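Take a look at the structure set out below.
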Amino acid sequence: MQNTPLIHWHSMFMGVALLAAARSKDGRKRNGACIASADNKILGVGYNGLPRGCNDDDPSYWSDIDDDPVQSRHSYIVHAEVNAILNCVVLPLTASTIYTTQFPCPRCVQSIIQVGIKRVVFLEKKSHQVALNQASDKMLADAGIDVLSLEALEAPAADWCDKLDDFIRDTGPVVHGVADPGPPPSPPSK
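Going by numbering that gives the first Met the number 0, the residue at position 166 of the sequence shown is 165; the numbering climbs one at a time, nothing skipped.
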């Protein structure tokens, strides 16, 4: 029997972040995040979406009118990184790593720093958000947090994750108003 190479930890955790992104109902950008401990245990997973109790089917939450805070989706969406932190099974997250499909914005970086995460691994960095990236970079550097692209860690893994990202994005547009089927039904009790 031939040994099949194992997927590297960085690839696995970024893959989990990408799969989490597939749960997002944001029609413009689906993002995911996965937090892993220093001993390679998943501590939390999140994706960008509305807070609990807010109706995903309400189109007023998903508007692209960014110059009006009441009509901008950015006022309502909880980012993937923050959701991953809020979904964690343990705090503080000292010495952990967060894997993000997008380089984190300054608001997410503040949360990352506050909970003790020590490394950020990202899949892509938005080149058109230079000022926001600079603010994030400054806070991360000042807090002593290591920042690496997945490509810098594992170039072949970045290719694999790009393919998974393409697959997730090719699942079709997000259609608001379609109910989430939820978990599969439990087997009948005997």
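Cβ atoms here follow ideal geometry from the backbone N, Cα and C, with glycine treated the same way. The model shown is predicted, which means the values in this text are computed figures rather than measured ones.
Check, Outcome
"Helix or strand or just coil, what does DSSP make of G31?", "strand"
"Over what stretch of residues does the beta strand (DSSP E) that includes E123 continue unbroken?", "R118 to E123"
"With 16 other CB atoms within 10 Å as the buried threshold, where does Q101 fall?", "buried"
"Curious, which full-length alpha helix (DSSP H) runs of at least 4 residues does the segment 42-97 contain?", "79-85"
"If you draw a straight line from the C-alpha of C104 to the C-alpha of P4, how long is it?", "35 Å"
"Could you give the first and the last residue of the continuous beta strand (DSSP E) run that contains L147?", "D145 to S148"
"Would DSSP call Q133 helix, strand or coil?", "helix"
"Does the segment 90-101 come into contact with the segment 31-40, if we say contact requires no fewer than three beta-carbon pairs (one atom in each stretch) closer than 8 Å?", "yes"
"Looking at the structure shown, is Q211 part of a helix, part of a strand, or coil, going by DSSP?", "Absent from the structure is residue 211, since the part of the chain shown begins at 0 and ends at 189."
"Can we say the segment 20-27 touches the segment 43-59, given the rule of at least three CB pairs closer than 8 Å?", "yes"
"Let me check understanding here. Comparing Cα to Cα, which of D65, A79, S135 and G26 lies closest to D56?", "G26"
"For S59 and R72, I'd like the C-alpha separation in whole angstroms.", "8 Å"
"Rank N82, I6, V69 and N30 by C-alpha distance to the C-alpha of D164 and give the top, closest one.", "N30"
"Report the option in P50, I6, I84 and N132 whose CA atom is closest to the CA atom of I112.", "I84"
"Go through its chain and collect everything with a Cβ distance to S62's Cβ below 8 Å, but skip five positions before and after it.", "Q70, S71 and R72"
"With distances taken Cα to Cα, identify the nearest neighbour of Q133 among R106, D161, S110 and L18.", "R106"
"Give the straight-line distance between the Cα atoms of H9 and D141, rounded to the nearest whole angstrom.", "24 Å"
"Does G143 pass the burial test, meaning 16 or more other C-beta atoms within 10 Å, or should it be called exposed?", "exposed"
"Determine, using beta carbons only, whether V235 and L147 come nearer to each other than 7 Å.", "As displayed, the chain neither begins before 0 nor continues past 189, which places residue 235 out of reach and without an answer."
"I'd like to check one pair, L149 with P122: are the Cβ atoms closer than 7 Å?", "Looking at the sequence itself, residue 122 is Leu, so the reference to Pro does not match. Yes, the pair counts as a contact, with Cβ atoms nearer than the cut-off."
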